[in-house]
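Student: Sharing a structure with you now.
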Amino acid sequence: MQEQATSPISNEKGTTNLVQINSSNQTDTNDAGTDEGNYSDAQTRTSRQASPKITREQDKLQGLLQELSTPTKGETDEDDVEGSEDSISQSLARLYQKASLAEKRVTKANQDEILCWYHYAEGFEKKVKDITDNNKKVKDQQARTQVYNFIIPHLPGVTKENLRKKTQKARNIYKLFKKIGVKRIKRVVSFSADTISKLTANQIQSIIDRFTNSTVDHVI
31 MQEQATSPIS NEKGTTNLVQ INSSNQTDTN DAGTDEGNYS DAQTRTSRQA SPKITREQDK
91 LQGLLQELST PTKGETDEDD VEGSEDSISQ SLARLYQKAS LAEKRVTKAN QDEILCWYHY
151 AEGFEKKVKD ITDNNKKVKD QQARTQVYNF IIPHLPGVTK ENLRKKTQKA RNIYKLFKKI
211 GVKRIKRVVS FSADTISKLT ANQIQSIIDR FTNSTVDHVI
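In this note's numbering, the protein residues as written are 31 to 250.
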C-alpha cells in the first residue's frame, strides 16, 4: 500500500486546501538518480579497466602528438612566408646560409672520421710491426691476432670478427693516404669513409699511380 502525504496549497479565495501527494513519485525520482549514478560509476570502472590495454605504439603516438602540440620557448613559425619581398629574400638567404653551414659540418665530420680511421690503422700496423720485430718467429697474421686480443677487452659489445672487418677497412684508408698524403683527406667532400674503405686493392693502386706518375702537386 502506497503512503500519501498532504501539502497545504492556498486557492484564489485565500482558503487553504490539502492536496495529496503520492509518495511513489518521490521514490521513482530517487531510483532514477540512483540508476544514473550507477551508470556513471560503471563507465568510470570500464575506462580504468581499458587503460592498461593501450598498446605501446599508441603510447608512442600520443607522446609524439603531445610534443608536436607543445610550442617551445621562443618558437617561431619558419613556414610563414608572408611579408615584403625584401623580408622573404632575406629569409631565403639565411636558409641558404644555414644549409651551407650544415653541409660544411657534415663534410668536416666525414673528414674527421677518415682521419680517425687513418690514425687507428697507422697505430695498429705499428703494433704489429713491434711484435714481429721483437720475435722473428711470430708471423704477421699471428701478430695481428695478438693485437686484436689486446684491443677487444676494451670494446664491450664488439665481436672480434667485427673488429677484424673494421680494421681491414681502416687499413685501406691508411694504404691510400699514406701514399698520396694524409693532408689530402681535407680535400674529400663527396665520399664517405665507408666508401673509401671499400675500395679494392686495384682501385687503391690506380689512385696512387695517378698521383705518383703525374705532375699533380705533391702533398705530404
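Using N, Cα and C, we set each Cβ at its ideal position, and we do this for glycine too.
#1: Under a three-way DSSP split, which group does residue 241 fall into?
#2: Alpha carbon to alpha carbon, what distance is there between residue 175 and residue 134?
#3: Return the chain-ordered list of same chain residues with a C-beta closer than 7 Å to the C-beta of residue 173, the five sequence neighbours on each side being excluded.
#4: With a 10 Å radius around its C-beta and 16 neighbouring C-beta atoms as the bar for buried, classify residue 204 as buried or exposed.
#5: For the 8 Å Cβ check, are there 3 or more pairs between the region 184 to 204 and the region 137 to 148?
#6: Span of the alpha helix (DSSP H) holding residue 221?
#7: Just the C-alpha distance for residue 99 and residue 119, rounded to the nearest angstrom, thanks.
#8: For the 8 Å Cβ check, are there 3 or more pairs between the region 209 to 224 and the region 233 to 244?
#9: By DSSP, does residue 211 sit in helix, in strand, or in coil?
#10: So, helix, strand or coil for residue 39, using DSSP?
#11: Indicate the three-state DSSP secondary structure (helix, strand or coil) for residue 62 in the structure shown.
#12: For the alpha helix (DSSP H) containing residue 177, name the first residue and the last one.
#13: Put residue 125 into one of helix, strand or coil per three-state DSSP.
#14: Restricting to Cα atoms, I'd like to know which of 215, 168, 166, 225 is closest to residue 196.
#15: Taking its Cβ as the centre, do 16 or more other Cβ atoms sit within 10 Å of residue 227, making it buried, or is it exposed?
Tutor: So, from the listed chains and residues:
#1: helix
#2: 39 Å
#3: 158, 161, 162
#4: Counting of Cβ neighbours within 10 angstroms places residue 204 among the buried residues, the total reaching 16 or more.
#5: yes
#6: Counting along the chain, residue 221 falls outside any alpha helix (DSSP H), and DSSP gives it neither H nor E.
#7: 29 Å
#8: yes
#9: Assignment of residue 211 by DSSP, reduced to helix, strand and coil, places it in the coil class.
#10: Low local confidence applies: a pLDDT of 42 at residue 39 is under 50, so the model's placement there is unreliable, with the coordinate-based value given in what follows. The answer is strand: DSSP assigns residue 39 an E or B state.
#11: For residue 62, the predicted structure reports a pLDDT of 48, less than 50, and the residue's modelled location is therefore unreliable. The matter cannot be settled from this model.
#12: 170 to 181
#13: helix
#14: 225
#15: That one is buried.
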